[in-house]
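Input: a single structure, listed below in structure tokens.
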Amino acid sequence: MLDENRAIKRVPRSEAGYGCEAELLKKLRHPGIPIIYDLEADSNYYYLIEEYLDGESLHALIQREGCLTKASQIQWGIELCRIINYLHSFEPIPILYLDLQPANILISHGTLKLIDFDQSVLASAAGEMRMRYGTRGFAAPEQYSGESLDERTDIYAIGALLYYMGTGQSVPDMDSAAFSAGSDRLSVIVGRCLERKKEARYQNVRDVLKDLNELGAGAFTKKGMSLLRIAVVGSRHGIGVTHMAFSLVSYLTEQGVNCLYREKNETGAVRKIAARRDRVPDTYGIYHIDNMAMKPDYGYCVRLDEPDFDAVVDDLGVGIEKTADEEYDLILLLCGTKDWEVEDSIASARFLARKNVRILLSCSSRVSEAVFPVEINRMRFFRTPCMPFPPDGSQASFFAELLHKTGVETYLCGNNDKKTMRQKAWDFFRGIF
Amino acid sequence: MGFFSRYFLRGATADPLCALSGKTRIGIAGCGPSVGVTHFSIMTACYAVSVLRRRTALLEWNQSGDFARLQEVYGKKNVMDSTGKTFNILDIYFFREAGREQLRECLERDFCMVIIDFGVFREDIRDDFLQCDRRFLVCSASEWQLPGFAAFLSGNKEQGCRYEYFSAFGKRENTGMAERFLKVSIRQIPLSLDAFVITGESLSFFGKFLK
């Protein structure tokens, strides 16, 4: 008895040429394409035995989590382009996929997989196709007409998928210039993929990949800004450090900052969330949950590539001494003001007195910063609001105030105080791109 | 109470996850010689310690002497018993020349995961192997080792379904053929140059079956 599942696909023999294509698919070896183990046939059907992949389709992911952050769009876009580039440069004859759509993209164990090669053809045979299929909203204009199909047909669909990831909708019937009207760089890439005329699109997928890679290399790095590092630490256990760190990451991500939560304590919170939600990490060891990127506390043996992020939020737990391990741009110290908590709060605040620190008093505290000695009382205090988990963005004004005049805000906005934080962030990114 | 026991009682902190999930005993054996059992055992222990964050013991229940050589190279500290057969590398507790006595001690102590490197599968370890919660059999899909694997399976038909099969060597096509003809499912162990390093690839590999 096999413990492992295999997927079996049955295709009528009447679909002439399928056997040849399946033989070709057997030769494909790419981490983003399920392995074809074998092709069997009887008098009526072909049976394609392929790798079984668990996960959810891009369609299901968008339905569940809503449209993706720009960072996720770029990440999945890069993975998709790598697969399509592999197909388009396959020897001896390139392969066209021709039906890129959300239901055919599977997110399996944090990796994007392309499934269902029903409509794929050898590039050399694309001109002879009489019957054409595609998915409305994702198929290129030439798939509706008699115009020839080539690599650029798949490039249109890549643009349509990137658009879908960012909006949750398929491409409306409008001029491609409208997509490029958004001034950010990603919109320009999407708009160029979605040009109605093939000649105006990217001419090969390598160029799309190059632009996405450049875009994903870190917006701040482009502007010469270093990685933003924020530490969240508590004066004692159970005071809500992890909750605060998650909320901050959610806020920064919402503001368009490509932000990573790093667990630097032994609570195992990320693993517990992942276990409850049945999630697995990507190849960087990062979990993507509720639109947040979370890295658990791994041990010595784990050596993983470090993807580019613009900001990291370190959850130090109660490890106040760990604030000396890195140069943090900002430290958020959570303190309690109850009688049995004040002693730890004062000791922690004194320890961090010379650093760029903000003291956060728990929302359940009745008394204020007045309980602290005078020298600590000069520090900046904030009372945390009640925050739901998963974060719902309702604390934006709190974080805007918290980050005001910390130096961190320069990562988020310019100097125009009249605009909202979101508008400022948007302006900031517009400037970069 | 010996020195060994005192060390654990005093020096080790209890693993809170252990209380929730219970202790897990994983037996790893090879269908033949030189199929990479020790390498895979160390990889598994590294994953347990560094990713699952479980307090892990790795027992050498075979006569290979590999752990002694490992101790010579890395085992700079950590004599935990008077015989000096226990050492620690990267938070993994290694027990060389181990047997039932050491296994019993490990299960009594606060190890959350106990991994046993049985070496080549043989009759005298069958009962102990079958008593493990998970039983990993490492085979090789190399052309010259597949016949040995087939012979092993035909000789162990009764217990065959109680094992989880792994292959470190050989082409993926060979593994596929072996799965088809021998009617077992075989997980392909990713290429690992250093058994003490968990890469992104091995992370996703272990994540599929070890939680």
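Going line by line, the protein sequences match chains A and B. Read in order, the letters of the first sequence correspond to residues 2 to 434 in our numbering. Read in order, the letters of the second sequence correspond to residues 1163 to 1373 in our numbering. C-beta atoms are modelled at their ideal positions from N, C-alpha and C, and glycine is treated no differently.
- Annotated as distal: D315 of chain A and A201 of chain A, with beta-carbon spacing of 7 Å or more.
- Contacts with chain A at 7 Å (Cβ-Cβ) do not include G1317 of chain B.
- Proximity of the stretch 1292-1312 of chain B to the stretch 1209-1228 of chain B falls short of the contact definition, fewer than three beta-carbon pairs being nearer than 8 Å.
- V258 of chain A counts as buried, since no fewer than 16 other beta carbons sit within 10 angstroms of its beta carbon.
- When Cβ-Cβ separations below 7 Å define contact, L331 of chain A makes no contact with chain B.
- The secondary-structure analysis by DSSP pairs A294 of chain A across a beta bridge with A:L261, A:H289.
- In the three-state DSSP reduction, R1262 of chain B falls in the helix class (H, G or I).
- Separation of I1348 of chain B and I1287 of chain B (C-alpha to C-alpha, rounded to the nearest whole angstrom) is 22 Å.
- Residues F1257, R1258, E1259 of the same chain have their beta carbon placed closer than 7 Å to that of K1247 of chain B, with the five preceding and five following residues left out of the count.
- The beta strand (DSSP E) runs of length 3 or more contained entirely in the stretch 274-344 of chain A are, from start to end of the chain, 288-290, 293-296, 312-316, 331-336.
- For the stretch 1205-1236 of chain B, the beta-carbon criterion of a distance under 7 Å to any beta-carbon of chain A is satisfied by C1208, V1211, S1212, V1213, R1215.
- In the three-state reduction of the DSSP assignment, G1338 of chain B falls in the helix class.
- A direct Cα-to-Cα measurement between V234 of chain A and H60 of chain A gives close to 38 Å.
- Using beta-carbon distances, S1366 of chain B counts as an interface residue toward chain A, with a partner under 7 Å.
- Ranked by how close their Cα comes to the Cα of V1197 of chain B, the residues B:G1310, B:L1292, B:E1335, B:R1217 have B:G1310 in first place.
- A276 of chain A counts as exposed, since fewer than 16 other C-beta atoms from the protein chains shown sit within 10 angstroms of its C-beta.
- It is roughly 44 Å from the alpha-carbon of P391 of chain A to the alpha-carbon of Y48 of chain A.
- Membership of E51 of chain A in the beta strand (DSSP E) is indicated by the continuous run 46-52.
- For R263 of chain A, the number of other beta carbons within 10 angstroms of its own is at least 16, and it is reported as buried.
- For T1361 of chain B, the secondary structure class from DSSP, reduced to helix, strand or coil, is coil.
- Under a criterion of Cβ atoms nearer than 9 Å, no residue of chain A is adjacent to L1353 of chain B; the nearest Cβ is some 13 Å distant.
- Residue contact with chain A for L1252 of chain B: present (Cβ-Cβ distance below 7 Å to some residue of chain A).
- For L62 of chain A, the closest alpha carbon among the candidates A:R280, A:L210, A:S44 is that of A:R280.
- Under the Cβ criterion (8 Å, minimum of three pairs), the stretch 186-199 of chain A does not count as touching the stretch 115-128 of chain A.
- L26 of chain A and F118 of chain A do touch by the CB rule: their CB atoms are close to 6 Å apart, below 8 Å.
- Under the three-state reduction of DSSP, M1275 of chain B is assigned to strand.
- At least one CB atom of chain A sits nearer than 7 Å to the CB of V1359 of chain B.
- Excluding five sequence positions before and after G269 of chain A, the CB atoms of its chain that fall closer than 8 Å to its own CB belong to P297, D298, given in chain order.
- Scanning chain B for C-beta atoms nearer than 8 Å to the C-beta of R304 of chain A yields V1359, I1360, T1361, reported in chain order.
- In this structure, B:C1193 is the residue among B:I1188, B:C1193, B:K1185 with its C-alpha nearest to the C-alpha of G1317 of chain B.
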